[in-house]
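Below is one structure, written out as structure tokens, with a few remarks after it.
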Amino acid sequence: MLPIIDSDGTAIGALDEFVESTSQVIAERRINTLICLGEKAGSASSISELWGLILSGLEPNLQDIPFGFLYSVNEHGLRIGTQPEGSTSSRPKTCFLEGTIGIPKNHPAAIPSFPITEGDDGFSVPFRRAWTSAQPAVLRESDGTLPSAISGLCIEGRGFCEPITTVIVLPIPPLSGTSIRGFLILGLNPRRPYDEDYQVFIRLLNDRLVKAVASIFLPEEQRRSREIIEENNSRHDKFSKELERRKQEAESAEATFTALAECAPIGCVVFQLDAQPRWMNKAYLDLTGTRREDFWANSHQWSSTVIPEDREYVEQQWQRLVQRQSIQPFEFRVNREWSSPVSTDEKDRMEYSWILANAFLKYDEDGEPQRILAWLTDISHQKWSQQLQAQRLEDALETKRQSENFIDMTSHEMRNPLSAILQSADGILTALKFDKSENRRRSQPREPLLLDSEAQEIIIDSAQTVILCAQHQKRIVDDILTLSKLDSNLLVICPDLVQPVTLIERAIKMYESELNSANIKLNLSIHQSYDNMNIDRVLLDPSRLLQVLINLLTNAIKFTRDRDKRAISIFLSASQKRPSAGHNNLVYIPRRLSRPDHTFSQEWGPGEDIFLQITVEDTGKGLTEDEMKLLFHRFSQASPKTYGEYGGSGLGLFISRELTELQGGEIGVASQAGHGSTFAFYIKARRPTLESADNKPSSPMETLRTPPLRRLSSHKRDRSESTRRGDFMPLTSPLDPSWTYSRVEMKNVAPAQPVEADPEARYPDLKILIVEDNLINQKVLAQQLRRAGCTTHIANHGLEALSVLARSTFYTSNHENSPMKTTSQILNDSTPPHQTSYIPNLDATSPTAPLSHSPSLPPTPPSSINNDSSSNLLEISVCLMDLEMPVMGGLSCVKRIRAMEAEGLLNRHVPVIAVTANARSEQIAIAMEAGMDLVITKPFRIPELLPQMEALVRRMGRQ
């Protein structure tokens, strides 16, 4: 301060100069803070001690550091710059509060710990930003980055007691490395801007913190570095020794491998890419039949060992391999003879040997092909075994084919005479019974028959026995055919739209005569469940269902015919679930799991599954427990006594079980000795969709079924009334009271009704063309049909049948009054070239005209003779045609008939029924595909044939 003196020396004032020293004061204060921090941090011996000294060194600066939080990071640390802001680490990192400045630890802003890699609360976001940027993060109230917990915080005695609006977060990394040890949060002076001087101070402060942390960890790092170096040196020595040891092992292994390869039974060879061999073992030389020196002399010696037929193929494989294409193991032959080691037979020798080669490329370190390695195996013995097996398979198939041909031929040859036997026996019964009925009607008996009543009864009884034996033999033939298919896995299930009740009625109708002759009462009962499910037509295999039902019905008749009480009941029910027990708690034999489910094929459609359950109950002799255990096995009967009393092959029930399981069902039996037996089975059917039910044609079994039996509704008839009239009497009362039946009645007639000779008696409207080459069958069939009132015409083969059709009302004339063409002319006009090699003269003047009969046959009625007059055309209702005939067979004939219909030579569809002894389903299917309307297999009975012919004619008439 300087005085101000006037002129007379009197002090009139004082002069004092003021200099702005704020920056200097602040700088001195901040330098003192840095010095104090350095002194305190330098005395720390551990990281935990360092955290406390850092806080104590910063606390005296009341103005520039109003408050502070110090957080340490867990020992795993954080990678700098490896994760973006806001991302999370796969391993969570946690911050722990080490201390505070200016505020107590229990302050809400002082969070004890929190995960830095998760969440957005508190200091997580600014910590992650400082971590990823490796720079101090500034938080300001003005831009909204300052957490609300410390926004506007006033600290008494610090920071001029004014609200803090700016905070800085300092990351504390180590001196070396990339991990962060902690974070320091500092409140900034509220009266000073965060300018360049302030930033210099913060940067220097951060450097002090880094060096302080490094001073703690540096000795440990140095010690660890020395240990790492020593460990690396130790590892180097260890690896050097290990490398030497492994080198020796590799050399030893290579020597061992070379020795093994030399002794190996398979060939091993190494080639260069130019096909020059580098090494091969002895087995390779033996397999190819060459010497080692030959390979070194000729690089392509290997290809010359391959037989010429395979050489091109082997070279193609080589080229593909050289072009880096992958190849599969391949086979070829070499010029070296091979003989079986277990046989000296000349046929067990081969003039060449078979080799299996497995070759591949060996690449170098740069991925370039270096050499080709190949392994060769002698597979001559395998090829010889395959050849032997193929020969044996061919022999077995040939044996099987011959066996099937033998079975077919035997079946065919047995069915033809069986048909004649059955029809002849029917003829005897018809003639005798007709004569007896005529004598009863006439006042005076006819003279020609000179037999007394006892003799007639003996003949009738014998004829009936012949019929029973013939039917039994037919069943055996059918069982053998079915068994042959089962053994060959050739039996298939073919679904068709049928009515189950109609099928059962048809089976009953087939046995009507036998039931009547045995005086057996049969009842068909339909369970209420069948009507509740509204079942009309379903998809199932009708022929296989009938086969099982007929087997059971045949057994029931056989074991009931000699009992005092003779009654058979058939029960039909349905369910949506697979039945677990049968009628009267009958237990089914478990179905074998190996059976396939045929209903998954497309021809079954997507309809609902239905299980049809059929039970056959009889009043026969019954079975014991031991006898029931023997059932359902191949060639097995209940006891030897069964065969002695009733006969049979023991195949019926075995086949029934097989067929039932093939149809997705099961079969079972319940019986008690002396009280009859109950056999039941169920099959899996399928309800047709509306579209398939409308579009699918009716099956022949449904269309040509016999007239239905009379069905009585249980809801409309009183049980006592029906019992009183004798129409229905259940054999046993069902255990389940929910069983309610509708009933089908069948009256018992002791003798079978005779076929009367009067043409107007039964079928006078049937005009039948019989096409049969066997004169005996021809004669018997014609006689029986005439006795039934039918008009018959005869043709010996297919060409004669075409001649008859050319003279019938089926033929179409070009002009109304023009004469009809001769058969030869028609055949010349319409027969395909492959059928014109033999055309006999079949005009009316020919001695072999189709209407001529064997001398033993009765003369043809005048109405059936063709006089080549258009006013006297033959009336033909249906053709019965054999399949195997000379000149022209039945298949060729029916194909020609259908072709003539398509060409307009015939004016309408000709009904043709195949009558054949070929009973296999494949043969029947071929006949149907050729154009047959129906197939009847021999043997058959005329009472069974006539309703089917009438139904076919009636259906054709409607169409």
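Residue numbers (the UniProt record's numbering): 1 to 959.
Glycine is no exception: its CB is placed at the ideal position from the N, C-alpha and C atoms.
All values derive from a computational prediction rather than experimental measurement.
Element boundaries [beta strand (DSSP E), containing residue i]
{"i": "V669", "result": "E666 to S671"}
{"i": "N358", "result": "S353 to Y363"}
{"i": "P171", "result": "T166 to I172"}
{"i": "L880", "result": "V878 to M881"}
{"i": "G182", "result": "G182 to G187"}
{"i": "P3", "result": "L2 to I5"}
{"i": "S72", "result": "G68 to V73"}
{"i": "residue 965", "result": "This structure does not reach residue 965, given that the chain is present from 1 up to 959, and the question cannot be answered."}
Proximity below 9 Å, CB of residue i to CB of residue j
{"i": "I876", "j": "S808", "result": "yes"}
{"i": "L880", "j": "V771", "result": "yes"}
{"i": "L34", "j": "I54", "result": "no"}
{"i": "V887", "j": "V912", "result": "no"}
{"i": "R686", "j": "V538", "result": "yes"}
{"i": "D6", "j": "F201", "result": "no"}
{"i": "V498", "j": "L540", "result": "yes"}
{"i": "W354", "j": "I379", "result": "yes"}
{"i": "F571", "j": "E617", "result": "yes"}
{"i": "residue 997", "j": "L802", "result": "In the structure as shown, the chain starts at 1 and stops at 959, and residue 997 therefore has no counterpart that could be examined."}
{"i": "V73", "j": "I155", "result": "no"}
{"i": "L906", "j": "T812", "result": "yes"}
Alpha helix (DSSP H) segment containing residue i, residue limits
{"i": "Q778", "result": "L775 to R787"}
{"i": "T624", "result": "Element bounds for T624: n/a, residue is neither H nor E."}
{"i": "G367", "result": "Here G367 belongs to no alpha helix (DSSP H), and DSSP marks it neither H nor E."}
{"i": "R333", "result": "Element bounds for R333: not the alpha helix (DSSP H) but the beta strand (DSSP E), F330 to V334."}
{"i": "Y530", "result": "Q528 to N532"}
{"i": "D286", "result": "K282 to T288"}
{"i": "K558", "result": "P542 to T560"}
{"i": "A507", "result": "P500 to M510"}
Which listed residue (the options) has its alpha carbon closest to that of residue i
{"i": "Q370", "options": "Q323, Q328, F330 and L376", "result": "Q323"}
{"i": "V306", "options": "R320, P500, E293 and E331", "result": "E331"}
{"i": "E457", "options": "D478, L429 and V466", "result": "L429"}
{"i": "D16", "options": "I4, V878 and I372", "result": "I4"}
{"i": "T689", "options": "A917, M1, D765 and Q602", "result": "Q602"}
{"i": "W375", "options": "V270, N32, S48 and E661", "result": "V270"}
{"i": "K629", "options": "R591, I155, R292 and G668", "result": "G668"}
{"i": "L593", "options": "T258, L273, E658 and I926", "result": "E658"}
{"i": "E627", "options": "E608, G605 and S677", "result": "S677"}
Inter-residue Cα distance where the pair is residue i and residue j
{"i": "G187", "j": "P173", "result": "20 Å"}
{"i": "T117", "j": "K40", "result": "32 Å"}
{"i": "C494", "j": "S385", "result": "39 Å"}
{"i": "E196", "j": "I168", "result": "14 Å"}
{"i": "L891", "j": "L799", "result": "12 Å"}
{"i": "S148", "j": "R140", "result": "11 Å"}
{"i": "I520", "j": "G652", "result": "21 Å"}
{"i": "V501", "j": "N534", "result": "13 Å"}
{"i": "E351", "j": "L397", "result": "28 Å"}
{"i": "P943", "j": "I610", "result": "34 Å"}
{"i": "L613", "j": "V780", "result": "According to the sequence provided, residue 613 is Gln. The question's Leu does not apply to it. When rounded, the distance between both Cα atoms is 41 Å."}
{"i": "I103", "j": "L62", "result": "12 Å"}
{"i": "N774", "j": "E884", "result": "10 Å"}
{"i": "D727", "j": "L422", "result": "Model confidence at D727 stands at a pLDDT of 36, short of 50, so the residue's coordinates are unreliable; what they give is reported in the following sentence. C-alpha separation (whole angstroms): 32 Å."}
{"i": "Y656", "j": "A463", "result": "For the sequence presented, residue 656 should be read as Ser rather than Tyr. Looking at the two C-alpha atoms, the distance is approximately 30 Å."}
{"i": "T619", "j": "K400", "result": "42 Å"}
{"i": "L553", "j": "Y511", "result": "9 Å"}
{"i": "A134", "j": "V125", "result": "14 Å"}
{"i": "L946", "j": "M928", "result": "20 Å"}
{"i": "D882", "j": "T624", "result": "47 Å"}
{"i": "C161", "j": "R192", "result": "14 Å"}
{"i": "Y682", "j": "A951", "result": "30 Å"}
{"i": "G889", "j": "Q325", "result": "60 Å"}
Check: residue i C-beta below 8 Å from any heavy atom of the ligand PLP
{"i": "I794", "result": "As far as ligands go, the structure on display features none, and thus does not contain the ligand PLP."}
Per the contact definition of three or more C-beta pairs closer than 8 Å, is the stretch 354-370 in contact with the stretch 388-395? no
Check whether the stretch 542-559 touches the stretch 506-519, counting contact only when three or more Cβ pairs, one atom from each stretch, lie closer than 8 Å. yes
Meets three-Cβ-pair contact criterion under 8 Å: the stretch 36-51 and the stretch 207-216: yes
Assess, as a yes-or-no matter, whether the stretch 149-156 is touched by the stretch 95-114 under the definition of 3 or more beta carbon pairs within less than 8 Å. yes
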